[in-house]
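FYI, in my numbering the residues of the sequence shown are 286 to 485.
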Amino acid sequence: MRALRNFGERDLRITEVDAPPPPGDDEIQVKICAVALNHIDVWGWRGMAFAKRKLPITVGAEASGEIIAVGKNVKDLEIGQIGALYGANTCGTCKPCVEGRDNFCENVNGVFGFHIDGFAQEMMNFPARLFVPAPEGLDPVAAACTPITFGTVEHMLFDNAKLQPGESILVHAGGSGIGTAAIQLAKAIGCTVYTTVGND
Ligand SMILES: [Zn+2]
């Protein structure tokens, strides 16, 4: 199967790699539907943090997938489901993970596509608990930009700023990925949005 791999020195190539074996007991196997592009992909391509990872690696930090096989311990997911793939390989057992605050994981084993093999490949095995099922009917392309882009905004607006319906919010760089997501989520709960952009 094909994978988009970073060989270092800005050398990015579509490469033939082995297809994954059957999923482990707590894993699912997903066919990758769509991969989003973020600044972290550019940082990886430019060589940031090369010392902390082994190259080559498969790139892609944000994606959606369709489940094509499930491990034997996986009871709450089924073949054919579409969902988003959480971008960090968190431990699932530390206190923040158990509380559902994986972004504070104390034993995170890297970011997919940056420290460890990522999502820009035809299929892969993936920890079942890091699969976020999409609502029925959601376009897989739309689902692909939820973990980083919308997840970042959700954390900024609601976890940190505690944005409430009816409040006003200023979104800088309204034309950016994060900016457009922030405008949509703020408007969705009934806020007044002001924004800045670089040109007309
Ligand atoms: Zn953890």
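Every residue gets a Cβ at the ideal spot worked out from N, C-alpha and C, and that includes glycine. Computed from a predicted structure; not experimentally measured.
- Taken in chain order, the whole alpha helix (DSSP H) runs of length 4 or more contained in the stretch 399 to 465 are 425 to 428, 436 to 439.
- Burial check for Ser349: the Cβ neighbour count within 10 Å reaches 16 or more, so the residue is buried.
- Apart from the 5 residues on each side of it in sequence, Val302 sits with its Cβ closer than 8 Å to the Cβ of Met286, Arg287, Ala288, Arg290, Thr343, Gln406 in its chain, given in chain order.
- Here the distance from the Cβ of Cys382 to the nearest heavy atom of ligand 1 is below 8 Å.
- Around the Cβ of Leu340, a 10 Å sphere holds fewer than 16 other Cβ atoms; the residue is exposed.
- With respect to Gly475, Gly451 sits close: the two C-beta atoms are nearer than 9 Å.
- Taking a C-beta distance under 9 Å as the contact criterion, Met408 and Asp402 do not qualify as a contact pair.
- When DSSP states are grouped into helix, strand and coil, Asn323 belongs to the coil group.
- When secondary structure is reduced to three states using DSSP, Ile352 falls in the strand class.
- Beta-bridge partners of Lys316 (DSSP): Glu351, Met408.
- For the stretch 353 to 389, the continuous alpha helix (DSSP H) assignments of 4+ residues that do not extend past its boundaries occur at 380 to 383, in sequence order.
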